[in-house]
Amino acid sequence: MKPQLILLLSLALVSIAVAHKPSHQGQNVLVVPNADTPVVCSAAPSTTQDDEEDPSLAYVYDPSKALTRGYDFDGRQEVVNIGPGLRTTADGQTQSRRGPRGRQRGAVLPNKYIVRLKNGYDLDTFNMQSKLEEHDRVVNTLGSDGRRKVETITNQVDHKYDFGTWKGYAGQFSSEFLKELESHDEVEYVEEDTLMWAWGMEPMFRAGDDQDDDDLGRHQDSVNIQQQQQQQNQQEDNLAALFEEALNAVQPGSASSAKISTKKGSRYGEDIVVNGHDAHHDYYSIKAPSWGLSRIAERERDLDQDYTYVSSAGSGVDVYIVDSGVFAEHDDFEGRAENVANFVNHETATDTCGHGTHVAGIVGGRRFGVAKGVHINAVKVLDAQGQGSTSQVLAGINFVIKHASSNPHTRKIINMSLGGLFSRPVNDAVRVAVNRYNLPFFVAAGNTGDDACQYSPAGVDEAFAVGGSDRSDMVGWYSCVGSCVNIFAPGSGIQSNWIRSRNSVHMLDGTSMAAPHVTGVAALFLGSGANYGNVKDLYNDIIAHATQGVIQGLKSHDTKTSKNLLYNKLEDLNSSFTIRPMDGVLLPMDEDVAGGNDGGQDEEKAQDVKKKAQDVKKKAKKVKKSKEEKKEKEREKRRHN
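Numbered per mature numbering (1 follows the signal peptide of the UniProt record, and there is no 0), the sequence shown spans residues -19 to -1, 1 to 622.
Here it is as structure tokens:
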């Protein structure tokens, strides 16, 4: 055949294919981006507010690959097979699997199920292993035709759950065995195992959403993920060096030196502290390295203020970070962090994602932490891509309850900056943990910008769900809203610890960053000796002390959403709270000051210290300006070349 004829036939076939390209309008089409697109560990699915799948934004689950975001740009990307919450019917049509009350379910894991037993039954009376063995024996028995049934699925138990009234199993089960399970009177329900993910935010713009002026204030343009990652990596390399260069510009040992002291009383702050008190508590003040710390310590929005916190700093409180693990060797944790459990197969207990380390740093890091004296227990349920399963999260909750019960001498708090679409097993587990074991759960509200009530665990009443705000006290464009959001806390542009090195830092956005601010404040309250009859009393106290009604940017129909912003003090700053000798002054770290006896500091010395502290600020600005000018010269030079 002549080359010209081949070319004409090829063009004709392409034209036919384009003309008959299936329309994606109204269908749940799954697409994947270029294989070279980097996977960010905080990727998360999105749903529309009317509970319909967004045909323009879909996620693919492949057990051998990461959860990957893809966009349908008029069919220009490869369409692949079934993904989150979708099933194929016999006639090849795609359907959605929905949970209770019509809510969309998460990405279903093939042949994976969670089984909960009814109250009154336990793992001994309902022996799953013996039932599996009996099933396999029957399956392997010769039938009347002389043949054995062949099951392609290996039945196995992956997890056992036994806390309070929540008793059950998770595992891989064939459809035949699943039918047997559902027929047992002891079984309360069987649910498919689904994906859960870190709520740490990456740029995510829900293509296809109708937008008005209100929406534009809550969203930002999507940017190239790889470019953002490179910028953040560069920031990690420069941020700590810039910070230390400015603060160490003064002579070591002088009044405004920021060198870390090992003297008594200095273990809860990196910068030099000044002692203060109110009617009931002593307070420390440090130079805040993150705007979020400044904001939660002040009623008025002044992001240049120091971070002032109760001197007990959460000591005697155990915080469980149910997440991707923690890089416990990071210097900022000072040996107060450890990985106590790992439910991710084929990975070590340490954090290989970064999300858990970032969250833990906000809770209790020496520099970036809200409560600088807490002990951090990391429970790993998310992998290097920030993904896990409902069954793994349940295993984490089961472990936390057992571990917390074994040590009654400290107070306990749980932070879960993760979530997924509605999950009855997770919601039930949180209810049992709170009501039976008196364990408070602080959770991220979600990063999809819609109703937090449709996600788990944010949607369960017993959890304290936290929305994210920005530097202007606006609702973060990513933040979920609605009646399930209990409070807002800083979530945009938050710096904290990272996993690249022992002193690396990283900036992230999201409700994942907001929740640990509240967890840290809860630790401050508990560590200060406050007594609460139950978890709800603690929740209510945090809300009562919040700065009321300052959150802006909510849509007109978001009338049930809290407008309150987190505040970190048990006493109101404008009444009984004082700092001596001068608000915001950095003092030398000597035993008198650090130990709580600031005694007879005279006015002249205080003024001198204040001046030197201001000099440090000026030096920091000069260093930053110098670096920016240098970069601009380099860019100008490249343009001319």
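For each residue, glycine too, the CB sits at the ideal point set by N, CA and C.
Candidates the options, of which the one nearest residue i by Cα
i, options, result
"Arg452", "Phe469, His526 and Met177", "Phe469"
"Tyr150", "Val374, Tyr288, Ile95 and Ser493", "Ile95"
"Ala503", "Thr146, Lys353, Gly316 and Phe380", "Lys353"
"His356", "Val374, Thr500 and Asp442", "Thr500"
"Ile475", "Gly457, Arg481, Val466 and Thr391", "Gly457"
"Arg483", "His311, Lys141, Ser164 and His526", "His311"
"Lys536", "Arg481, Asp431, His526 and Leu505", "Asp431"
"Val516", "Ser372, Met109 and Arg417", "Arg417"
"Asp409", "Lys148, Asn92, Asp139 and His140", "Lys148"
"Gly401", "His384, Val374, Arg412 and Ala414", "Val374"
"Phe107", "Glu161, Ile134, Thr135 and Lys93", "Glu161"
"Thr371", "Val325, Arg317, Thr429 and Gly337", "Val325"
"Ile394", "Gly472, Ile378, Phe403 and Gln533", "Ile378"
"Ser441", "Ser450, Ile523, Pro471 and Met397", "It should be pointed out that residue 441 corresponds to Val in this sequence rather than to Ser. Closest by alpha carbon: Met397."
"Thr295", "Arg317, Ser607 and Arg280", "Going by the sequence as given, residue 295 is Gly instead of Thr. Nearest option by C-alpha distance: Arg317."
"Gly337", "Glu315, His327 and Ala309", "Ala309"
"Asp285", "Lys268, Tyr301 and Val300", "Lys268"
"Ile302", "Phe380, Tyr170 and Asn136", "Phe380"
"Lys141", "Lys383, Glu613 and Ser404", "Lys383"
"Trp180", "Val407, Leu90, Gly306 and Thr429", "Thr429"
"Asp143", "Glu615, Gln137, Leu104 and Thr135", "Leu104"
"Leu399", "Gly369, Arg405, Trp272 and Arg280", "Gly369"
"Ser464", "Asp304, Asn545, Lys606 and Arg405", "Asn545"
"Met109", "Asn136, Leu90, Val89 and Ala88", "Asn136"
"His339", "Leu489, Ser164, Ser543 and Trp178", "Leu489"
"Glu319", "Val307, Thr329, Glu613 and His327", "Val307"
"residue 623", "Ala385, Val486, Gly530 and Ser437", "The structure shown does not extend to residue 623, since the chain spans only -19 to 622, so no value can be given for it."
"Gly433", "Lys541, Tyr513, Asp522 and Glu609", "The displayed chain sequence assigns Ala, not Gly, to residue 433. Among Lys541, Tyr513, Asp522 and Glu609, the Cα nearest to that of Ala433 is on Lys541."
"Met177", "Glu613, Asp304 and Gly534", "Asp304"
Same chain, Cβ closer than 7 Å to residue i, neighbours up to 5 away in sequence not counted
i, result
"Arg282", "Arg276 and Asp454"
"Lys603", "none"
"Gly448", "Ala426, Val456, Ser460, Cys461, Val462, Val466, Phe469, Thr492 and Ala495"
"Gly297", "Thr391, Arg392 and Gly508"
"Glu617", "none"
"Gly234", "Reliability fails at Gly234, whose pLDDT of 29 lies under 50, so the model's placement of it is uncertain and the value that follows must be treated cautiously. So the list is empty, once near-sequence residues are dropped."
Whole-Å CB distance - residue i paired with residue j, under 8 Å assumed
i, j, result
"Tyr102", "Glu167", "4 Å"
"His526", "Leu505", "Between Leu505 and His526 the Cβ distance is about 11 Å, and since that is not below 8 Å, they are no contact."
"Ala359", "Val321", "7 Å"
"Ser509", "Val291", "5 Å"
"Trp170", "Arg280", "The sequence shown places Tyr at residue 170, not Trp. With 8 Å as the limit, Tyr170 and Arg280 do not qualify as a contact, their Cβ atoms being about 47 Å apart."
"Trp272", "Pro471", "7 Å"
"Glu172", "Pro406", "6 Å"
Any C-beta of chain C under 8 Å from that of residue i
i, result
"Arg620", "In the structure shown, chain C cannot be found, because there is only a single protein chain."
Own chain partners of residue i with C-beta closer than 6 Å, once the 5 adjacent residues on each side are dropped
i, result
"Asp539", "Val462"
"Ala278", "Tyr288, Thr289 and Asn549"
"Glu443", "Val411, Arg412 and Val415"
"Ser293", "Gly508 and Ser509"
"Ser473", "Asp451, Gly457 and Asp490"
"Ile134", "Asn92 and Ser155"
"Val531", "Asp454 and Leu546"
"Asn229", "Residue confidence is low: Asn229 scores 42 on pLDDT, short of 50, so the model does not pin down where it sits. No coordinate-derived value is stated."
"Tyr513", "Leu519"
"Lys606", "none"
Close Cβ partners of residue i (< 8 Å) along its chain, the five nearest in sequence each way excluded
i, result
"Tyr520", "Pro421, Phe445 and Asn467"
"Asp313", "Gly342, Gly346, Arg347, Arg348, Phe349, Gly350, Asn478 and Asn484"
"Thr146", "Asn100, Val413 and Arg417"
"Asp174", "Val89, Leu90, Lys93, Tyr94, Ile95, Ala151, Ser370, Thr371 and Ser372"
"Val138", "Met109, Gln110, Leu113, Tyr150, Ala151 and Gly152"
"Ser164", "none"
Residues that residue i bridges to, as DSSP identifies them
i, result
"Ala359", "Ile302 and Asn320"
"Asn478", "Val486"
"Arg392", "Val298"
"His140", "Ala151"
"Gln533", "Met455"
Legend entry - the stretch 417 to 426 in contact with the stretch 101 to 113 per 3-pair CB rule at 8 Å: no
Inset, instruction - Decide if the stretch 360 to 379 is in contact with the stretch 322 to 334; the criterion is three or more beta carbon pairs, one per stretch, under 8 Å apart. - result: yes
Inset, instruction - Decide yes or no for the touch test of the stretch 151 to 171 against the stretch 387 to 404: beta carbon pairs closer than 8 Å, at least 3 of them. - result: Pairwise C-beta distances place the stretch 151 to 171 out of contact with the stretch 387 to 404, as fewer than three of them are shorter than 8 Å.
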